[in-house]
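S.K.:
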Amino acid sequence: MSRADFHPSNSTISRRDNDPEASVLGQMVSNRRRIIACSALGIVVTIAVLCAFLIADEQRKIRTAAATVISRPLERVAEVNAAFAELHALDAQPCSATHLEALRSIAFRSAIIRDVVYQGEGAGPRCNGNIGAAASSLPSDSPDFTTETGRRIWRNVDLPLSPGVKSTLVKEGAYELLIAPEKQPATVEDGRYALSVVLLNSATGTMLVVRGADPGIAQPLLISGSTYWLRGDIISVACLPGQVTCYVLKARGLAVLMSNLMLLIFTGILAGIGVALGVASWSARGYRMRTIDALLREAVAKKELFMHYQPIVDNRTGEAVSAEALMRWTLKTGESVSPAVFIPIAEANDLIGKLTLLALQRVSEDFGDFLRTHKNFKISVNVVPADMMDSSFHQSLQHHFVEAGIAPTQLAFELTERTSARLESAVTVMLELGGRGHEIYIDDFGTGYANLSYLSDLKVDKIKLDKKFTDTVGTGTLRERIVPSVIELARELGVEIIVEGVESNAQVEYFRDRGVHLMQGWFYARPLPAEALIRTLEAAQAHSNASPWAGQFRRFAEVCCGEES
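Residues in the sequence shown are numbered consecutively from 1, following full-length UniProt numbering.
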């Protein structure tokens with residue numbers, strides 16, 4: 001079901017006459033005369049106060065937003081400076097094995113540096129950390145920008161092993177760093193502010209806009225790094241030390257608001273009077289319009305969400321050794337809401353912690369009896385770092401699992417790789433959970449394939465290789481060449497791999513030949529209701545002549561639960 005199907009204008013739910021909302025409607029109708037008498041004055045005063053507050057508060061908010069936006073670039077610049085300092089201090093023979101290992105080490109330890117390249121003078125050697133001496137040349141002799149310190153910058157450069165994966169190339173002396181582009185700040189993603197990023201060279205007077213629209217601000221005004229009015233909008237500028245890069249935030253729509261202030265006031269008065277006069281004739285249906293976020297809040301409160309489970313299979317034996325718990329939501333109309341829709345809504349409305357607690361309860365209810373009698377089977381649950389630091393999370397583990405006689409080794413936790421930057425604050429709790437016997441997985445692994453250093457720091461037990469990598473099997477693309485490197489690096493770190501999105505026997509054989517044996521995907525089974533998965537597992541076990549479920553799971557999933565899968 002598409003996201004459009006759940007637009008607020010389409011989300012209506014009928015309620016019983018004794019619903020609290022209907023009671024509010026009855027009270028409003030009974031008091032409509034008082035509402036009509038007070039509405040005009042109340043709306044005028046409210047609009048006036050809100051407009052005055054908006055002007056003052058917007059300045060404060062945009063200053064705070066600018067400070068937030070620049071915090072991550074400050075860390076990135078410090079990391080790049082440290083990398084160049086370390087590179088210039090190297091005394092190994094250029095492009096030797098020792099030198100290449102040092103280049104790889106710098107990229108490996110960095111969260112933003114994807115590759116390091118060395119270029120000798122003239123016809124000297126050229127090599128990089130990932131592919132050795134076969135490095136490609138610079139995209140062009142002329143950089144997009146040159147800083148006052150002499151660093152040269154090229155934008156939108158392809159990674160050698162991943163055409164289409166864009167990086168920023170920064171060259172200083174004989175060394176080049178391929179750096180991951182900055183992510184869009186949250187304050188910009190939500191549409192509240194427009195962001196422009198400008199590179200400055202005050203010595204030459206050059207300016208280059210590398211993100212967003214040209215802010216139309218003179219260099220002296222940019223360097224001032226202040227908050228001010230510009231053509232009716234509020235502008236806030238924050239620059240990195242040395243004014244190499246400036247981040248410009250503009251409050252959208254404020255100029256329109258100010259230029260139409262009187263129109264807004266009079267329109268508000270007329271609309272308020274119209275609403276007040278029409279209260280008595282409004283139908284209950286008008287008040288029962290519900291947005292999808294309100295429906296989700298209600299569903300969480302009533303614990304209407306439930307779990308499906310997708311098995312993880314050992315391809316050597318065909319044994320289903322564990323399953324991932326996946327949350328599902330069906331409206332009272334029978335329509336299913338995709339997790340891709342309701343999970344972001346839950347995150348935006350601070351409901352994700354409650355979803356996690358509900359998931360733990362559902363897993364205990366659905367699989368408690370099975371787990372108590374099948375000690376080698378495991379269920380994994382998706383969590384975020386904030387969950388692990390919540391006392392309610394640990395209370396739920398104690399109540400639903402420890403007190404229920406379910407071993408910690410039978411419950412694993414999956415964290416999505418994109419949250420790895422936020423894991424630092426949860427490291428202690430993660431190590432504590434690992435000490436109890438819980439395994440920690442990194443889910444959807446692959447978008448940052450070169451940055452594996454945090455895996456050993458966090459004592460991660462398994463990584464789940466993203467379906468994007470699984471889909472490359474047999475395609476002959478450059479992306480497919482990355483997969484063996486990921487497998488080898490994970491093996492060196494002692495981290496086991498689970499392959500996600502397996503849909504063909506060719507994919508099974510590809511990873512099995514490379515020593516990867518844990519598989520998850522529709523080749524084995526779609527996500528199943530708990531009773532269907534348990535029925536399949538027990539059927540396979542009952543008909544197995546070897547170890548439990550050996551070689552049997554996929555066949556019994558097709559025969560036993562084909563319609564439900």
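Don't be surprised by glycine CBs; every beta carbon is placed ideally from N, CA and C.
Since the model is a prediction, treat every value here as computed from it, not as a measurement.
(1) Tell me residue 416's beta-bridge partners as DSSP assigns them.
(2) Could you give the distance in angstroms between the alpha-carbon of residue 153 and the alpha-carbon of residue 395?
(3) Give me the Cα-Cα distance between residue 111 and residue 125, rounded to the nearest whole angstrom.
(4) In whole angstroms, what is the alpha-carbon distance linking residue 210 and residue 245?
(5) Beta-carbon within less than 6 Å of residue 382's beta-carbon, same chain only, minus the 5 sequence neighbours each way: which residues are those?
(6) By the three-class DSSP mapping on this structure, what secondary structure does residue 195 have?
(7) Suppose contacts are defined by Cβ-Cβ distances below 7 Å. Is residue 498 in contact with residue 520 by that definition?
(8) Does the beta-carbon of residue 26 have 16 or more other beta-carbons within 10 angstroms, so that it is buried, or is it exposed?
(9) Where does residue 409 land, buried or exposed, given buried means 16+ other C-beta within 10 angstroms?
(10) Give me the Cα-Cα distance between residue 336 and residue 433, rounded to the nearest whole angstrom.
(11) Using only the alpha-carbon positions, how far apart do residue 343 and residue 176 sit?
(12) How big is the Cα-Cα spacing for residue 234 and residue 144?
(13) Mind checking who residue 315 pairs with in its DSSP beta bridge?
(14) Taking the alpha-carbon of residue 441 as reference, which of 402, 485, 426 and 496 has the nearest alpha-carbon?
(15) Indicate whether residue 346 and residue 352 have their beta-carbon atoms separated by less than 7 Å.
(16) For residue 426, which of 386, 464 and 457 has the nearest alpha-carbon?
(17) At what residues does the beta strand (DSSP E) containing residue 496 begin and finish?
(18) Identify every residue that forms a DSSP beta bridge with residue 239.
(19) Are the beta-carbon atoms belonging to residue 93 and residue 174 less than 7 Å from one another?
(20) Taking the runs of the alpha helix (DSSP H) that are 4 residues or longer, which of them lie wholly in the stretch 86 to 160?
(21) Assign residue 505 to one of two classes, buried (16 or more other C-beta atoms within 10 Å of its C-beta) or exposed (fewer than that).
(22) Let me check understanding here. Comparing Cα to Cα, which of 306, 392 and 393 lies closest to residue 366?
(23) My understanding is that residue 444 touches residue 477, with C-beta atoms under 8 Å, so please give their C-beta distance in whole angstroms.
(24) According to the neighbour-count rule (16 or more other Cβ atoms, all chains shown, within 10 Å of its Cβ), is residue 156 buried or exposed?
(25) To the nearest angstrom, report how far apart residue 470 and residue 464 are at their CA atoms.
(26) With distances taken between CB atoms, is the gap from residue 196 to residue 212 smaller than 7 Å?
(27) From this set, 311, 121, 86 and 79, which residue's C-alpha is nearest residue 501's C-alpha?
(28) Going by the CB atoms, is the gap between residue 407 and residue 439 shorter than 7 Å?
(29) Since residue 300 is in the alpha helix (DSSP H), which residue starts that stretch and which ends it?
(30) Below 6 Å CB to CB, which residues in the same chain sit around residue 472 once its five sequence neighbours on both sides are set aside?
(31) Using only the alpha-carbon positions, how far apart do residue 428 and residue 503 sit?
(32) Using the rule of at least 16 other Cβ atoms within 10 Å of the residue's Cβ for burial, across every protein chain shown, is residue 85 buried or exposed?
(33) Please classify residue 184 as buried or exposed, where buried requires at least 16 neighbouring CB atoms within 10 angstroms.
(34) Hey, quick one: how far does the alpha helix (DSSP H) through residue 510 stretch, first residue to last?
(35) Starting from the C-beta of residue 132, find all residues in its chain whose C-beta is less than 7 Å away, skip the five residues before and the five after it, and write them out in chain order.
(36) Which of the three DSSP states is assigned to residue 392 in this structure?
M.R.: Looking at the atomic coordinates:
(1) 443
(2) 52 Å
(3) Going by the C-alpha atoms only, they are around 27 Å apart.
(4) 10 Å
(5) 414
(6) strand
(7) The answer is yes: Cβ separation under 7 Å.
(8) Caution applies to residue 26, whose pLDDT of 42 falls short of 50 and renders its modelled position unreliable; the value that the coordinates give is listed next. Label assigned to residue 26: exposed.
(9) exposed
(10) In a straight line, the C-alpha of residue 336 is about 34 Å away from that of residue 433.
(11) 40 Å
(12) 30 Å
(13) The partner list for residue 315 (beta bridge, DSSP) is empty, contrary to what the question assumes.
(14) Minimum Cα distance to residue 441 is reached at 496.
(15) Closer than 7 Å, so yes.
(16) 386
(17) 496 to 499
(18) 246
(19) no
(20) 97 to 109
(21) exposed
(22) Checked all of 306, 392 and 393; the closest Cα to residue 366 is 306.
(23) No, residue 444 and residue 477 are not in contact; Cβ-Cβ is about 20 Å, not under 8 Å.
(24) exposed
(25) 11 Å
(26) yes
(27) 311
(28) no
(29) 292 to 301
(30) Excluding residues within five positions, the ones whose Cβ falls inside 6 Å are 479 and 480.
(31) 37 Å
(32) exposed
(33) Residue 184 is exposed by the Cβ-count criterion.
(34) 505 to 513
(35) Correct list, in chain order: 100.
(36) helix
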